[in-house]
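Each number in the numbering used here comes from the position in the sequence shown (counting from 1) with 1231 added on. We treat Cβ as the ideally placed atom computed from N, Cα and C, and that holds for glycine. First up is the structure itself, then whatever we jot down about it.
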Amino acid sequence: MTDEARRIRLIMELRSQGITDTRVLAAIERVPREIFVAAAFQDQAYENIALPIESGQTISQPYVVAAMTEALEVGARMKVLEIGTGSGYQAAVLSHLCRRLYTIERHRELLQGAEKRFAQLKLRNVVTKWGDGTKGWPEQAPFDRIIVTAASRDAPQALLDQLAVGGIMVIPLAANGRDQELVKIKRDARGYSRESFMPVRFVPLIPDAPEEAPKR
Ligand code: SAH
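So this is what it looks like as structure tokens:
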């Protein structure tokens, strides 16, 4: 089966799992997942599973990418912030749905790999930063949408502050330190409301000093 055929099969699977937003499905269809996964996992690039990437991190399962993207309700004119670039796959999907996508990663090596892929795919509306995403990106705030792709106990205060009024944040939270759930946080003039919508397993969100690329 060709990658193209595999990609179409994946879209049908996401539909049958309840992803209905056609803009989200079209964005996923436009992103070649095979370039985001390691050579050893090429044959599994279109399986609906999470896969390992460098630095002990993972590229999320396509279903989770789809569900988070759908929950984010992204509009074409929006500024979106992602914390945890990883392979860059989620960022690439979002870049097709918004005006500008800002993404922060703490592992320099991962960020460099993702930047190469954005260039290869000519995604010119993606802006990257190496650093601690729990601090957000104050110079670019406020953001209409914020997506966090690593888990913590609570939403970092800087990210709540940098969410625009009328904005939405999607973040995996483990309230008891163990079981994680995706939480949709909406900000309006009166404050924040929260609603959890599905169980997930993400790698941890690690605050403080980011990681240098290993010396070669
Ligand atoms: N969105 C990614 C998957 C992310 S895995 C993709 O589509 O491939 C989670 C990522 O969050 C990891 O790469 C990890 O290094 C990063 N991360 C963890 N804590 C972070 C922090 N404080 N700031 C920025 N990135 C962080």
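Taking 7 Å as the cut-off, is the C-beta of residue i nearer than that to any heavy atom in ligand 1?
i, result
"residue 1367", "no"
"residue 1341", "yes"
"residue 1211", "A query on residue 1211 cannot be resolved here, the shown segment of the chain reaching from 1232 to 1447 and no further."
"residue 1404", "no"
"residue 1436", "yes"
"residue 1266", "no"
"residue 1381", "yes"
"residue 1338", "yes"
"residue 1289", "yes"
"residue 1318", "yes"
"residue 1363", "yes"
"residue 1250", "no"
"residue 1321", "yes"
Should residue i and residue j be called a contact, given that it needs their Cβ atoms to be closer than 8 Å?
i, j, result
"residue 1314", "residue 1362", "no"
"residue 1435", "residue 1386", "no"
"residue 1256", "residue 1242", "yes"
"residue 1317", "residue 1280", "no"
"residue 1355", "residue 1330", "no"
"residue 1250", "residue 1351", "no"
Just how far apart, CA to CA, sit residue i and residue j?
i, j, result
"residue 1442", "residue 1273", "27 Å"
"residue 1321", "residue 1300", "8 Å"
"residue 1374", "residue 1253", "24 Å"
"residue 1311", "residue 1335", "11 Å"
"residue 1298", "residue 1440", "30 Å"
"residue 1384", "residue 1366", "15 Å"
"residue 1235", "residue 1303", "27 Å"
"residue 1423", "residue 1399", "9 Å"
"residue 1323", "residue 1237", "18 Å"
"residue 1425", "residue 1419", "12 Å"
"residue 1427", "residue 1270", "35 Å"
Nearest to residue i by CA position, among the options, is which residue?
i, options, result
"residue 1390", "1244, 1321, 1417 and 1249", "1417"
"residue 1401", "1408, 1412, 1392 and 1308", "1412"
"residue 1337", "1438, 1326 and 1234", "1438"
"residue 1247", "1415, 1324 and 1294", "1294"
"residue 1245", "1353, 1420 and 1278", "1278"
"residue 1433", "1425, 1414 and 1426", "1414"
"residue 1319", "1371, 1305, 1378 and 1368", "1378"
Using a Cβ-Cβ distance cut-off of 8 Å, determine whether residue i contacts chain D.
i, result
"residue 1345", "Checking the listed chains, one finds no chain D in this structure; it contains a single protein chain."
To the nearest whole angstrom, what separates the beta carbons of residue i and residue j, a pair I think is in contact under 8 Å?
i, j, result
"residue 1341", "residue 1284", "7 Å"
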